[in-house]
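In our numbering, the protein residues as written are 1348 to 1520.
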């Protein structure tokens, strides 16, 4: 999962957000009551790997998910009603940046999808709302360890009648 690419996507396509950062930024912002809002912080959530689908090689489906934690202003209304209604508009701005976006077209056949959201915290100054997005990727033996080896240049085969030599450097007739 490419967290910096997700952050850049939000910065580019969510003009309302004053701050977009990662997990370390979120940790600091959660303690700072007077930080800039609205803000969004991208945090990794989970990797859910299926069993290997191939009997002779490696082919695994992996669901990668990440969260976008929105931090919204709650100071005009300490009961939280104003910030809860602003969640709706911010959700659709974030959806516009992320839904169906393919971070790595070489690994995934379809774009991100929304996996749900929930309130993380509410205080007198801010409302924290997390939106979860998921992507389906595939990993193969090409992604794993590739041992060094000598190239196969000469193959010798035996048949009951004679010995056959196959030299890969020479054209075969």
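In this text, a Cβ means the ideal position worked out from N, Cα and C, and glycines have one as well.
Given 6 angstroms as the limit, tell me if residue 1445 has its C-beta closer than that to any heavy atom belonging to the ligand ATP. Of ligands this structure carries none, so the ligand ATP is not represented either.
Rounded to whole angstroms, how far is the Cβ of residue 1450 from the Cβ of residue 1482, which I believe are closer than 8 angstroms? Position 103 of the chain shown, counted from the first residue, corresponds to residue 1450. Position 135 of the chain shown, counted from the first residue, corresponds to residue 1482. Yes, residue 1450 and residue 1482 are in contact; Cβ-Cβ is about 6 angstroms, under 8 angstroms.
Report the residue ranges of all alpha helix (DSSP H) runs contained in full by the region 1356-1441; include only those spanning at least 4 residues, in chain order. 1370-1378
Looking only at C-alpha atoms, which of 1350, 1351, 1363, 1348 sits nearest to residue 1440? Position 93 of the chain shown, counted from the start, is the residue given in the question as residue 1440. The shortest Cα separation from residue 1440 among 1350, 1351, 1363, 1348 belongs to 1363.
Does the distance from the CB of residue 1415 to the CB of residue 1386 come in under 7 angstroms? Position 68 of the chain shown, counted from the first residue, corresponds to residue 1415. Position 39 of the chain shown, counted from the first residue, corresponds to residue 1386. Contact: no.
Is residue 1469 helix, strand or coil by DSSP? To locate residue 1469, count along the chain shown from 1; it is residue 122. Here residue 1469 sits in strand by DSSP.
Just to confirm before moving on: does the CB-CB distance between residue 1472 and residue 1356 stay below 7 angstroms? Along the chain shown, one-based indexing puts residue 1472 at 125. Along the chain shown, one-based indexing puts residue 1356 at 9. For residue 1472 and residue 1356, no; Cβs fall outside 7 angstroms.
Nearest-angstrom Cα separation, counted from residue 1499 out to residue 1395: Residue numbering aside, residue 1395 sits at position 48 when the chain shown is read from its first letter. Residue numbering aside, residue 1499 sits at position 152 when the chain shown is read from its first letter. Roughly 38 angstroms between the two C-alpha positions.
Own chain, CB closer than 8 angstroms to residue 1358, minus 5 neighbours either side, in chain order: The residue given as residue 1358 occupies position 11 in the chain shown. So the list reads 1364, 1367, once near-sequence residues are dropped.
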